[in-house]
Amino acid sequence: GAGVSQSPSNKVTEKGKDVELRCDPISGHTALYWYRQSLGQGLEFLIYFQGNSAPDKSGLPSDRFSAERTGGSVSTLTIQRTQQEDSAVYLCASSLARLEQETQYFGPGTRLLVL
Amino acid sequence: TQLLEQSPQFLSIQEGENLTVYCNSSSVFSSLQWYRQEPGEGPVLLVTVVTGGEVKKLKRLTFQFGDARKDSSLHITAAQPGDTGLYLCAGDEYNFNKFYFGSGTKLNVKP
Numbered sequence: 001g002a003g004v005s006q007s008p009s010n011k012v013t014e015k016g017k018d019v020e021l022r023c024d025p026i027s028g029h030t031a032l033y034w035y036r037q038s039l040g041q042g043l044e045f046l047i048y049f050q051g052n053s054a055p056d057k058s059g060l061p062s063d064r065f066s067a068e069r070t071g072g073s074v075s076t077l078t079i080q081r082t083q084q085e086d087s088a089v090y091l092c093a094s095s096l097a098r099l100e101q102e103t104q105y106f107g108p109g110t111r112l113l114v115l
Numbered sequence: 116t117q118l119l120e121q122s123p124q125f126l127s128i129q130e131g132e133n134l135t136v137y138c139n140s141s142s143v144f145s146s147l148q149w150y151r152q153e154p155g156e157g158p159v160l161l162v163t164v165v166t167g168g169e170v171k172k173l174k175r176l177t178f179q180f181g182d183a184r185k186d187s188s189l190h191i192t193a194a195q196p197g198d199t200g201l202y203l204c205a206g207d208e209y210n211f212n213k214f215y216f217g218s219g220t221k222l223n224v225k226p
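These protein sequence lines map, in sequence, to chains P and L. Heads up, the final residue of the first sequence is numbered 115 in our numbering, and it's a clean run with no missing numbers. Heads up, the final residue of the second sequence is numbered 226 in our numbering, and it's a clean run with no missing numbers.
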């Protein structure tokens, strides 16, 4: 596809369940980012991947959050034992490389609601 | 505490008015970017400013990077309803290889 795609677009789950969110970056982009955005707010950095390097996990809010990127392309963000405060829009972005000034292209997001 | 503070948080103006949105930090940034986000969509990059004191114009939008590279402003001239959206500043913190987003400014331009 031409842009970053994310799935599912919406997810409703019960507290305590695990969820998996998927991101397909733009082909050829080596850098991939995950952000979380609460309603009407700015973006909170979660994690980023650059090629095959170990990811920068410094933004993950708790050990219930994990992410992986297989083959340097598709990424999944997993939230275990979801809590109501995990409800947010999870945005994925990719860029050609992890360089200063590099444009990040965002997907439409996954809207997660934890009941 | 946000590394990048934006003000105002909310702005509701009439079509044709001018406005300025501010993005401030106590940290130095290698570059600052401005994004615009519409409901249900991901942010879309408007501009990147790199050099302290730099001014960039994009039609009715003027972006400025502070001399000390700690702040930036976005000025919109003769706002139009199509400018409505959430405006986010974002940047690379100098020497720390971290990327941060501001809290956002929600702009509503009434016809």
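We put the CB at the ideal spot given by N, CA and C, even for glycine. Predicted, not measured: the structure shown is a model, and the values here were computed from it.
Pairwise C-alpha distance: residue j and residue i
i      : j      : result
P/P72  : P/T30  : The identity of residue 72 of chain P in the sequence shown is Gly, whereas the question assumes Pro. Approximately 7 Å, taken between the alpha carbons.
P/T110 : L/A205 : 21 Å
P/G16  : P/L91  : 22 Å
L/G157 : P/S58  : 22 Å
P/V74  : L/F214 : 21 Å
L/T199 : L/Q148 : 18 Å
P/Y105 : P/G3   : 8 Å
P/V12  : P/P25  : 24 Å
L/G155 : P/S7   : 14 Å
P/E44  : P/Q37  : 6 Å
P/L96  : P/F49  : 12 Å
P/I47  : L/F144 : 20 Å
P/G28  : P/T70  : 14 Å
P/W34  : P/A93  : 7 Å
L/E169 : L/I191 : 17 Å
L/G167 : L/R184 : 5 Å
L/G181 : L/Y150 : 18 Å
P/E102 : L/A193 : 30 Å
P/E68  : L/G131 : 47 Å
P/G51  : P/S5   : 19 Å
Whole-Å CB distance - residue i paired with residue j, under 8 Å assumed
i      : j      : result
P/G42  : L/G219 : 4 Å
L/K171 : L/V162 : 5 Å
L/K225 : L/S127 : 7 Å
L/L119 : L/F216 : 7 Å
L/Y202 : L/L222 : 6 Å
L/L176 : L/V136 : The pair is not a contact, with the Cβ atoms about 10 Å apart (cut-off 8 Å).
L/S140 : L/V164 : About 13 Å; that fails the 8 Å criterion.
Residue i - partner residues in DSSP beta bridges
i      : result
L/Q152 : L/L201
L/H190 : L/T135, L/T177
L/Q129 : L/K225
P/R111 : P/N10, P/V89
L/G206 : L/L147, L/Y215
L/Q67  : Lying before the first or after the last residue shown, residue 67 of chain L is absent from chain L, which here runs from 116 to 226.
P/D119 : Only positions 1 to 115 of chain P appear in the structure, and residue 119 of chain P is not among them; the question remains open.
Touch test, the region 78-85 of chain P against the region 59-70 of chain P, Cβ-Cβ under 8 Å, three pairs minimum: yes
Unbroken beta strand (DSSP E) runs of length 3 or more, entirely within the region 31-89 of chain P: which are they? 31-37, 43-50, 65-69, 75-79
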